[in-house]
Amino acid sequence: MWRRSFSSSTATATLKGKKWDALIIGGGHNGLTAAAYLARGGLSVAVLERRHVIGGAAVTEELVPGFKFSRCSYLQSLLRPSIIKELELGKHGLKLLKRNPSSFTPCLDGRYLLLGPDKQLNHSEISKFSLADAEAYPRYESQLENFSKFMDLVLDSPPPESVQHKSSINEKLKNKIQNSVFWASCLRHVSSLGQKDMVDFMDLLLSPSSKVLNNWFEADVLKATLATDAVIGSTVSVHTPGSGYVLLHHVMGETDGDRGIWSYVEGGMGSVSKAIGNAAIEAGAHVVTDAEVSQLLIENSSTVCGVTLADGTEVHSSIVLSNATPYKTFIELVPHDVLPNDFVRAIKHSDYSSATTKINVAVDKLPEFRSCKLDHPHAGPQHVGTIHIGSESMEDIHSACQDAANGTPSRKPVIEMTIPSVLDKTISPPGKHVINLFVHYTPYKPLDGDWQDHDYREAFAKKCFTLIDEYAPGFSTSIIGYDMLTPPDLERVIGLTGGNIFHGAMGLDSLFLMRPAKGWSNYKTPLQGLYLCGSGAHPGGGVMGAPGRNAARVVLQDVRERI
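If you number the sequence shown the way the working numbering does, the last residue is 931 and the count never jumps.
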């Protein structure tokens, strides 16, 4: 079970009573990951979480009595295997529930498509729409898996950034050697791919997902099912160049060693954060909730020396890692006129836009899909994986995106439905279920209304429920209660600037050496002692833990070099 390292009543006194080796702003999964590694490295660490609960976007909350929701993130696959192993997260309560099948797409014409890790099932299901696609699909997955292995090196390593601060000849030489080792390793991976695969890899990175999928397949429903991976959490269309890269997420992650398998987490996504938090506490870290940071303390206009909390408490440390978004960190927490102007401009003008809304629904029965009445008395295979609603073709997705680009929520939203309570019996009362709806596209500031208007919010929620009714009649009448987080809600409640679930767009111009800004991709910042450890840093968003782990390794290396 989760426990705080000390109570709120004694937290302020404990924080003030010493100078910490490192402070971490934000108790999201990346901040907790960084805390665990820093504490294991021998540093005294305090994690300062604004909310009453840890986890950030990877959080479980009981929003309707008896129903526990993964309030923001809702699936697990991207959490790095190295973190699960090194922090012994299984020992700390992490239990993954594999989904098979992994996706279900119902069609209004009475057909449906099931996909999953079972190759025979995939062939049989895809053949209903196209025999050629059924033959091509294993090759498509194999190619993506091959490319994703190349990405492992990139995900688990700090980017090969140049030395930013004044440094000695030895430091510059060491930096060049480290960077050369990284690039040499990349070159070995590239050469192992071969010329044809490398060209295909570049095509995947640079092309619209629609082009990639059109080159592979002919069946609209298959292409649409796969295309949702490319637009998840973003404002882009399937026709946007570079959206093909996110198709890699289909196979980039893994569950218990099985690549490409997405899973539910027993107890909800908050169990990921709890397991990491418990690992951090076991290593000696202190985690404090209800501890909002209002400003960073800076000395000599260049060096971090701690933070000020919202209640005025000053907490001192020469090392601060921020798990907040780059905008929150550098524009709101750092005092004005401290950072270089070009850096401030780069952070301000990064893309934090969002078109994502999360609706968490408690229901008194499972949805019964018109197109898939399989002989199962309770949950069937159609209920286990991600259920794609409202996207039977890539043009459906594009049309929904165009509505948002024109300033209004999609007339026909693209909905990813998941029902984790089918596999996880700990999150809902017997016979009742928790349903997650991840909805696209909803602009931050709609032109036809205001998300603060109760009637406007309710009308959009009902639009989503009515769309689901077309595929599963009676869904709306099964609803006990729901909670909805629009982009402004995600910003206000979770702290996601603009409501962007990735702490900033994941376009090719915002990844690797460009994240969060050119020249500052290795978790360091223009302020001595301040590091970025959240999804706004390399390699980006998703419940991955890589930014936290990589940032902690950079900090520990810097600490060792100072000794």
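All C-beta atoms, glycine included, are put in the ideal place defined by N, C-alpha and C.
Closest by CA to residue i, which one among the options?
i, options, result
"residue 417", "723, 629, 690", "690"
"residue 650", "553, 410, 840, 857", "410"
"residue 445", "616, 775, 815, 738", "616"
"residue 765", "554, 502, 503, 603", "603"
"residue 901", "677, 387, 406, 466", "406"
"residue 415", "576, 725, 675", "675"
"residue 506", "495, 517, 487, 523", "487"
"residue 502", "586, 656, 393", "586"
"residue 514", "789, 627, 721, 798", "627"
"residue 754", "469, 397, 447, 381", "469"
"residue 620", "872, 897, 598, 564", "598"
"residue 608", "578, 582, 590, 623", "578"
"residue 569", "878, 517, 634, 818", "517"
"residue 665", "659, 512, 673", "673"
"residue 529", "520, 519, 542", "542"
"residue 571", "612, 551, 549", "612"
Kindly indicate which three-state DSSP category residue i falls into: helix, strand or coil?
i, result
"residue 853", "strand"
"residue 485", "coil"
"residue 776", "coil"
"residue 554", "helix"
"residue 497", "coil"
"residue 913", "coil"
"residue 584", "helix"
"residue 371", "Summary for residue 371: the model assigns pLDDT 41, below 50, so the residue's position carries little reliability; its value from the coordinates is reported in the next sentence. Coil, per DSSP."
"residue 870", "coil"
"residue 925", "helix"
"residue 795", "coil"
"residue 811", "coil"
"residue 758", "coil"
"residue 712", "helix"
"residue 474", "strand"
"residue 704", "coil"
"residue 380", "helix"
On the premise that residue j lies in contact with residue i, defined as a C-beta separation below 8 Å, what is that separation, rounded to the nearest angstrom?
i, j, result
"residue 439", "residue 728", "6 Å"
"residue 442", "residue 804", "4 Å"
"residue 735", "residue 840", "4 Å"
"residue 894", "residue 707", "5 Å"
"residue 399", "residue 862", "Contact flag wrong, Cβ pair sits at about 13 Å."
"residue 636", "residue 437", "7 Å"
Going by DSSP, name the residue or residues bridged to residue i.
i, result
"residue 429", "437"
"residue 463", "In the DSSP output, where bridge partners are listed per residue, residue 463 has none listed."
"residue 612", "Paired residue(s): none; residue 612 is not in a bridge."
"residue 626", "623"
"residue 391", "414, 688"
Beta carbon of residue i, beta carbon of residue j: below 8 Å?
i, j, result
"residue 756", "residue 596", "yes"
"residue 731", "residue 847", "yes"
"residue 457", "residue 647", "yes"
"residue 782", "residue 758", "yes"
"residue 859", "residue 849", "no"
"residue 880", "residue 906", "yes"
"residue 593", "residue 718", "no"
"residue 821", "residue 776", "no"
"residue 629", "residue 485", "yes"
"residue 464", "residue 631", "yes"
"residue 698", "residue 715", "yes"
"residue 641", "residue 427", "yes"
"residue 693", "residue 865", "yes"
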